[in-house]
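For reference, the structure is listed below as structure tokens.
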Amino acid sequence: MPIVHNLVHWNKAWTDGITASPPTFEDNSFKNAPLDSKGHLIRHLSSRIRPLVSIVDREQKKAERSRNKLSAIPFSNPETGEAIISALEMGFVGPGNLRPSGPRHDNDAEDIREIRIAPTHQELISRLQPYLPANFYGAPHHLPSGSMERLLDIQFRLLREELTYAFRQCSCQFNSSSQRTHSDFDWFSPSRHFGTVEEEDTPF
Amino acid sequence: MEDSVMFFVYTGVTFGLIAPDRRGVTVDTRLDTPPGRARSSQASVRANFWKGVGGKRLVAGGLVALIWKSGPEVDVHLGILANSPDELIQSAKSGNDCIKVRIAFFDAAVELRILSELKDRRPKTGKDDIKILLEAPSMFEAVRPFLEALRIDPELIPLSRYLVHQPPNFFSHEFQIHPPQYATVPGFSYQVSSLFPTTAGVEDLQIVVQDPQSIEFARQEMKRASRLDSSQVDAVVDTLTREVALIQG
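Line order of the protein sequences matches chains A and B.
Using my numbering, count along the first sequence one by one with no gaps and you end on 204.
Using my numbering, count along the second sequence one by one with no gaps and you end on 1249.
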């Protein structure tokens, strides 16, 4: 058992001990402390321990997931039961290793910290739908519901998509046109750019 | 059925000096001047074109994609523009058929490819080798810090109970906003007597956030005799007793 979980038990035992009346744990610093000071300190300690537990649990789950290579069972709230959520769940394919057939490309990862912000070549030419979770309560997602981790993951992926969507569309077009004949690329040869072209930019 | 995207396309991509700068390794890149006013025979008109669109085109920090077709292979390499506006304008002034920018590519592999092309004294041209530069109108360097910031340890984000997705109506059903943490330290109180005019004769009025009676009393007294009007009193008291508050006005 991780030491952090032991820490939680020890903290609880100590807390129970010093708040019992009479105290079952002799702690000289608290012998004559007023009740609200004790309460404040106990609350403060708990608030420092909670994130530690959260970090350890999070990393453990991640390690478990990659060991077992479970396909993502999306967390969602069954009470909400709206049609749109069912539709999202049906089409849900997890990120990175959580996808049944493996990562979509070399920049597809479960953890946003492993995703390179600038798209990679493989990512740009990939024709697979990227993992873009919906941004509301109840939508399927690979991280626990109601967690800050999930919120940051959603915000990161959506903001990044805004930035890279345009380039991906364009790169895909170029890649598919490489299967066409050479003459399609003549449009880009410099000789076409003299004379009658409009002053405005060349839209794509 | 897709949204149409507006891109700028530049042809005639040729590479020059590769040099390190604070953005990393940058490649001098020549491009065909876009058609129109940018090709004017007068240097001042050309300079003004780039000054005029300045901030929207070929600006440092912008994201570009080099599309490099060599034989049947098409590769896409992303990079960031690293030139200053002056460098661009200078290159426009010195000739009307090409402009010069500097690009810092993300992948080292493309730099090696460029180096080997520079070494080759008879570079491939025409249908066998085509290079195009695409520019998207987005400020990559402006958005990147936000993306980096979102990768923080989730445990470090404060006020998470208010930020995470909650079920519908979660906040309207008996949800309490906690007082500010510093106000919960035992012995802490707010002293609001300074909000009263001296004529009111109020020299000591304290609010203890854990004591609802002290909050109510202060609210009443402030409405009775302080310098604030009723809605302002509510705003002040509500803000002092909550760790999250939205103030309007």
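Glycine included, each C-beta is placed from N, C-alpha and C at the ideal position.
Computed from a prediction, not measured in an experiment: that's the story for all the values here.
If you reduce the DSSP assignment to three classes, tell me which class Leu1134/B lands in. The count along the second sequence starts at 1 and reaches residue 1134/B at position 134. Strand, per DSSP.
Counting only beta-carbon atoms, is Phe1007/B nearer than 8 Å to chain A? On the second sequence, position 7 is the one that residue 1007/B refers to. Taking Cβ atoms only, chain A reaches closer than 8 Å to Phe1007/B, which makes this a yes.
Which of the three DSSP states is assigned to Pro958/B in this structure? No answer is possible for residue 958/B: the residues shown for chain B start at 1001 and end at 1249.
Using a Cβ-Cβ cutoff of less than 7 Å, which residues in the same chain neighbour Thr15/A once the five nearest sequence positions on both sides are dropped? Residue mapping note: residue 15/A aligns to position 15 of the first sequence, counting from 1. If we look at Thr15/A and ignore the five residues flanking it on each side, its Cβ neighbours are Ile42.
Pick from Pro95/A, Arg67/A, Thr24/A and Ile115/A: whose alpha carbon is nearest that of Pro130/A? Taking the first residue of the first sequence as position 1, residue 130/A is located at position 130. Of the listed residues, the one whose Cα sits closest to Pro130/A is Pro95/A.
Is the separation between the beta-carbon of Pro1154/B and that of Ser147/A shorter than 8 Å? Numbered from 1 along the second sequence, position 154 holds the residue referred to as residue 1154/B. Numbered from 1 along the first sequence, position 147 holds the residue referred to as residue 147/A. For Pro1154/B and Ser147/A, yes; Cβs fall inside 8 Å.
At what residues does the beta strand (DSSP E) containing Ser1070/B begin and finish? For the purposes of this step, residue 1070/B is taken as residue 70 along the second sequence, with counting starting at 1. Segment Leu1063 to Ser1070, the beta strand (DSSP E) holding Ser1070/B.
Which residue from Gln1206/B, Phe1007/B, Gly1095/B and Thr1239/B puts its Cα closest to that of Arg1039/B? For this step, residue 1039/B is matched to residue 39 along the second sequence. For Arg1039/B, the nearest C-alpha among the options comes from Gly1095/B.
Cβ of Pro51/A less than 8 Å from any chain B Cβ? Here residue 51/A is taken as the residue at index 51 of the first sequence, counted from 1. At least one beta carbon of chain B lies nearer than 8 Å to the beta carbon of Pro51/A.
How far does the beta strand (DSSP E) with Asp1075/B in it extend, from its first residue to its last? Translated into the one-based positions of the second sequence, residue 1075/B becomes position 75. Unbroken beta strand (DSSP E) run through Asp1075/B: Glu1073 to Leu1081.
Taking DSSP as the reference, what is the three-state secondary structure of Ile112/A? Within the first sequence, the letter at position 112 stands for residue 112/A. Here Ile112/A sits in helix by DSSP.
Nearest chain A C-beta to Thr1241/B closer than 8 Å, yes or no? On the second sequence, position 241 is the one that residue 1241/B refers to. No, Thr1241/B does not count as interfacial toward chain A.
The region 26-42 of chain A / the region 58-66 of chain A touching (three or more Cβ pairs under 8 Å): no
Is it buried or exposed, His1165/B, if we count other Cβ atoms within 10 angstroms and call 16 or more buried? For the purposes of this step, residue 1165/B is taken as residue 165 along the second sequence, with counting starting at 1. Its Cβ being crowded by 16 or more others within 10 Å, His1165/B is buried.
Locate the beta strand (DSSP E) running through Phe1140/B, then write down its first and last residues. One-based indexing of the second sequence puts residue 1140/B at position 140. Where Phe1140/B is concerned, there is no enclosing beta strand (DSSP E), although the alpha helix (DSSP H) it sits in stretches over Phe1140 to Ala1149.
Short-range partners of chain B found in the region 9-32 of chain A, where Cβ spacing is below 7 Å: none
Is there a C-beta anywhere in chain B that falls below 8 Å from the one on Leu158/A? On the first sequence, residue 158/A is found 158 positions in, with the first residue counted as 1. Any Cβ of chain B closer than 8 Å to the Cβ of Leu158/A would place that residue at the interface, and such an atom is absent.
What is the DSSP secondary structure of Lys1100/B, counted as helix, strand or coil? The residue given as residue 1100/B occupies position 100 in the second sequence. If DSSP states are grouped into helix, strand and coil, Lys1100/B belongs with the strands.
Quick one: which chain B residues come within Cβ less than 8 Å of Glu149/A? Numbered from its first residue, the first sequence carries residue 149/A at position 149. Those are Pro1154, listed as they occur along chain B.
Cross-chain neighbours of Pro119/A in chain B, by beta carbon under 8 Å: Here the question's residue 119/A lines up with position 119 in the first sequence. What Pro119/A touches in chain B: Leu1078.
Would the beta-carbon of Leu1205/B fall within 8 Å of that of Val1185/B? Locating residue 1205/B in the second sequence gives position 205, where the first residue counts as 1. Locating residue 1185/B in the second sequence gives position 185, where the first residue counts as 1. Between Leu1205/B and Val1185/B, the gap from beta carbon to beta carbon reaches 8 Å or more.
Write down the C-beta distance between Ala974/B and Phe1196/B rounded to the nearest angstrom, noting that I regard them as a contact closer than 8 Å. No information on residue 974/B is available, as it lies outside the stretch 1001 to 1249 that chain B covers here.
Do you know whose CA, among Thr19/A, Pro103/A and Ser54/A, lies nearest His5/A's CA? Translated into the one-based positions of the first sequence, residue 5/A becomes position 5. Of the candidates Thr19/A, Pro103/A and Ser54/A, the one whose C-alpha sits nearest the C-alpha of His5/A is Ser54/A.
Using a Cβ cut-off of 8 Å, which residues of the region 1160-1175 of chain B contact any Cβ in chain A, in chain order? Ser1160, Leu1163, Val1164, His1165, Gln1166, Pro1167 and Pro1168
Who are the near neighbours of Ala1142/B in its chain, counting only those whose CB is closer than 8 Å to its CB and skipping five residues on each side? Taking the second sequence and counting its residues from 1, one reaches residue 1142/B at position 142. The answer, listed in chain order, is Gly1061.
With DSSP run on the structure shown, which of helix, strand or coil describes His1165/B? Translated into positions along the second sequence, residue 1165/B becomes position 165. Correct three-state label for His1165/B: coil.
Could you tell me whether the Cβ atoms of Arg150/A and Leu158/A are closer together than 8 Å? The residue given as residue 150/A occupies position 150 in the first sequence. The residue given as residue 158/A occupies position 158 in the first sequence. No, the Cβ-Cβ distance between Arg150/A and Leu158/A is not below 8 Å.
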